[in-house]
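Reading through the structure tokens given below for one structure.
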Amino acid sequence: MTQMPPMERIWFIVNLIPEGTVLPYGIVADLAGLPGRARYVSRALKLAPKTLALPWHRVINSQGKISFEKYSEPFQTQLELLRLEGIKVNAGKILLSQYQWKPDLATLVMTLPF
DNA sequence: CTAGTGACCAACG
DNA sequence: ACGTTGGCCACTA
Numbered sequence: 865m866t867q868m869p870p871m872e873r874i875w876f877i878v879n880l881i882p883e884g885t886v887l888p889y890g891i892v893a894d895l896a897g898l899p900g901r902a903r904y905v906s907r908a909l910k911l912a913p914k915t916l917a918l919p920w921h922r923v924i925n926s927q928g929k930i931s932f933e934k935y936s937e938p939f940q941t942q943l944e945l946l947r948l949e950g951i952k953v954n955a956g957k958i959l960l961s962q963y964q965w966k967p968d969l970a971t972l973v974m975t976l977p978f
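First residue of the first sequence? That's 865 in our numbering, and the numbers climb one at a time after it.
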């Protein structure tokens with residue numbers, strides 16, 4: 865039985881993030897079984913096939929901010945997508961205490977195919 | 001092989 | 001609230 869590759873595990877987790885919620889890169893890495901590898905998450909998202917249609921915009925950094933350069937094209941796109949799902953962004957910041965997805969870990973772990 | 005580069009992060013000052 | 005620093009590691013030139 866081959867392990868699901870790290871990058872696929874990251875895509876799997878991101879795909880589970882519910883609408884109207886967000887998750888920091890580092891937490892995605894943790895849930896994917898790759899603690900301390902937040903940078904790998906950003907790389908995995910960049911390389912993700914468009915056909916997967918992942919909710920990539922729900923992944924933000926640990927400070928509640930969008931990680932693209934301010935005013936850049938992808939920055940604006942992510943900001944708009946987040947607001948479309950009712951996520952408030954004030955002064956470029958998202959309140960993690962309000963919007964961070966907090967899955968029931970026991971249940972989630974049983975669901976994961978890895 | 002080495003050096004630079006990230007959609008990062010926690011710890012400091 | 002910032003800016004810096006050291007750690008992280010796959011990928012690229």
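By construction, the Cβ of each residue, glycine as well, lies at the ideal position given by its N, Cα and C atoms.
Given the structure is predicted, the values throughout are model-derived calculations rather than measurements.
### Task
Excluding the 5 residues preceding and the 5 following Phe-876 in the sequence, name in chain order all residues of the same chain whose CB lies nearer than 8 Å to its CB.
In the first sequence, the residue the question calls residue 876 occupies position 12. Result list for Phe-876: Met-868, Ala-896, Leu-976, Pro-977 and Phe-978, in chain order.
### Message
Whether or not the region 878–890 and the region 965–975 are in contact is what I'm after, with contact meaning three or more pairs of Cβ atoms, one per stretch, closer than 8 Å; do they touch?
### Response
yes
#### Entry: Pro-899 versus Ser-926: straight-line alpha-carbon distance, rounded
Position 35 of the first sequence, counted from the first residue, corresponds to residue 899. Position 62 of the first sequence, counted from the first residue, corresponds to residue 926. The straight-line gap from Cα to Cα measures roughly 14 Å.
### Query
CA-CA distance, Lys-910 and Lys-934?
Mapped onto the first sequence, residue 910 falls at position 46. Mapped onto the first sequence, residue 934 falls at position 70. Their Cα atoms are separated by approximately 18 Å.
### Task
Please report how far the alpha carbon of Val-953 lies from the alpha carbon of Val-973, in whole angstroms.
Working through the first sequence from its first residue, we reach residue 953 at position 89. Working through the first sequence from its first residue, we reach residue 973 at position 109. Computed Cα separation, rounded: 31 Å.
### Query
Under three-state DSSP, which class holds Val-973?
The sequence position of residue 973 within the first sequence is 109, counting from 1. DSSP places Val-973 in helix when its eight states are reduced to three.
### Nonlocal neighbours in the same chain, by C-beta distance under 8 Å from Gly-956, ignoring five residues either side
Counting from 1 along the first sequence, the entry for residue 956 is found at position 92. Same-chain partners within the cutoff: Lys-929, Ile-930 and Lys-934.
#### Entry: Backbone CA spacing between Glu-872 and Pro-888 [nearest angstrom]
In the first sequence, counting from the first residue as 1, residue 872 sits at position 8. In the first sequence, counting from the first residue as 1, residue 888 sits at position 24. Roughly 18 Å separates the two Cα atoms.
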